[in-house]
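Input: a single structure, listed below in structure tokens.
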Ligand SMILES: NC(=O)c1ccc[n+]([C@@H]2O[C@H](COP(=O)([O-])OP(=O)(O)OC[C@H]3O[C@@H](n4cnc5c(N)ncnc54)[C@H](O)[C@@H]3O)[C@@H](O)[C@H]2O)c1
């Protein structure tokens with residue numbers, strides 16, 4: 043019998059691409075998502091691409107312990123991938139309590155359900171934002187954490203909760219993956235990034251400007267200590283992130299306890315370089331203005347992807363041009379995002 047994986051936040055950007063990857067590799071997939079930042083339509087698209095649907099999808103909040111427990115009663119899970127979280131840095135500065143409640147409270151609710159139902163294997167969505175304002179890049183997993191905003195702190199706290207849980211429960215096996223900047227879309231044009239409201243991340247803003255949904259891009263600061271003064275990030279194709287989760291599932295249990303890995307390419311790209319690459323992909327001008335720095339942002343975050351390469355013999359395969367092309371293809375085919 044094929045393994046069944048619970049994917050929280052499975053209708054979201056990274057979650058939906060991971061569902062495709064898992065279904066295409068024979069896993070059974072059960073999704074929990076309250077659709078606070080996603081459309082249920084995404085799972086219809088997942089089924090279309092993968093040629094079969096997820097086993098079940100529950101429109102519930104992970105913090106709803108009774109409802110979550112019922113999901114664990116209904117399925118025998120081999121592992122859990124926990125994507126469900128709030129992820130907008132700027133919003134987290136405005137709404138810290140909501141961020142701690144959803145991200146940390148959601149993780150503790152999930153861990154309680156896993157413990158009660160004897161499920162010991164977890165892949166957790168962490169973030170490169172835990173490194174904060176890094177003194178130097180690229181960053182290894184041994185570099186100190188120094189979160190600079192509530193969102194990043196929630197991810198760091200979740201890592202501590204997971205590490206403590208693993209110390210207490212010797213059967214637990216946890217992989218915390220610190221993604222750098224996932225972007226792009228499925229090459230079918232069916233699946234992509236479609237956040238509710240005005241997006242917080244650069245790539246969906248670029249795509250929405252190009253398609254005419256937003257008037258222009260605001261570049262938050264050009265006085266960072268980087269080559270062109272704008273922030274430098276390590277963009278990684280969302281399908282590489284999804285593939286990384288499939289491979290992570292295969293390596294859960296290589297060793298007991300918790301391990302933390304960067305998921306990035308090791309290539310840094312500035313805001314203005316990404317604007318240029320996206321302009322090339324979409325063939326349309328992207329109007330932008332330089333504004334003040336955004337609270338909580340940092341100059342540069344670039345991964346040293348060596349640890350995961352050594353542990354899993356794994357590396358990303360898609361470049362910045364593919365990320366921009368696929369993101370644009372999704373936006374052009376779905377100018378208003380998924381239909382309501
Ligand atoms: N996209 C990035 O740049 C990035 C970078 C690093 C880490 N991450 C992390 O990866 C994960 C997935 O990110 P994403 O980009 O796919 O975001 P997303 O917002 O597209 O996906 C998150 C999903 O979780 C759901 N969700 C949120 N709160 C929930 C709750 N309380 N109960 C049930 N479902 C809930 C949302 O509806 C959404 O479908 C998040 O944990 C995020 O913090 C994302």
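Numbering (our numbering), first residue to last: 43 to 382.
Think of the CB as a built atom: it goes at the ideal place given N, C-alpha and C, for glycine as much as any other residue.
Length of the line joining the Cα atoms of residue i and residue j
i           : j           : result
residue 55  : residue 224 : 9 Å
residue 269 : residue 262 : 15 Å
residue 170 : residue 279 : 15 Å
residue 146 : residue 309 : 30 Å
residue 125 : residue 197 : 11 Å
residue 210 : residue 204 : 10 Å
residue 107 : residue 287 : 25 Å
residue 247 : residue 316 : 12 Å
residue 295 : residue 156 : 16 Å
residue 253 : residue 208 : 46 Å
residue 71  : residue 332 : 43 Å
residue 189 : residue 267 : 19 Å
residue 222 : residue 369 : 17 Å
residue 148 : residue 164 : 14 Å
residue 95  : residue 86  : 7 Å
The beta strand (DSSP E) enclosing residue i, as first and last residue numbers
i           : result
residue 50  : 46-50
residue 73  : 70-74
residue 332 : 330-333
Bounding residues of the alpha helix (DSSP H) (the contiguous stretch that carries residue i)
i           : result
residue 114 : 107-116
residue 239 : Here residue 239 belongs to no alpha helix (DSSP H), and DSSP marks it neither H nor E.
residue 348 : 348-354
residue 261 : No alpha helix (DSSP H) contains residue 261, which is instead part of the beta strand (DSSP E) from 259-262.
residue 210 : 192-210
residue 156 : 147-158
residue 301 : Residue 301 -> not in any alpha helix (DSSP H); beta strand (DSSP E) instead, spanning 299-305.
residue 62  : 55-66
residue 368 : 362-375
residue 132 : 131-136
residue 86  : 83-92
Counterpart residues of residue i in DSSP-defined beta bridges
i           : result
residue 123 : 49, 165
residue 225 : 279
residue 100 : 74
residue 274 : 312, 342
residue 249 : Partner(s): none; residue 249 has no beta bridge.
residue 288 : Bridge partners of residue 288: none, in fact.
residue 172 : The partner list for residue 172 (beta bridge, DSSP) is empty, contrary to what the question assumes.
Residue i burial status per 10 Å Cβ neighbour count (16 or more: buried)
i           : result
residue 301 : buried
residue 202 : exposed
residue 79  : buried
residue 227 : buried
residue 116 : exposed
residue 355 : exposed
residue 240 : exposed
residue 363 : exposed
residue 311 : buried
residue 178 : exposed
residue 144 : buried
residue 257 : exposed
residue 160 : exposed
Residue i at chain C interface by Cβ criterion, 8 Å
i           : result
residue 233 : Absent here is chain C; the protein component of the structure consists of one chain.
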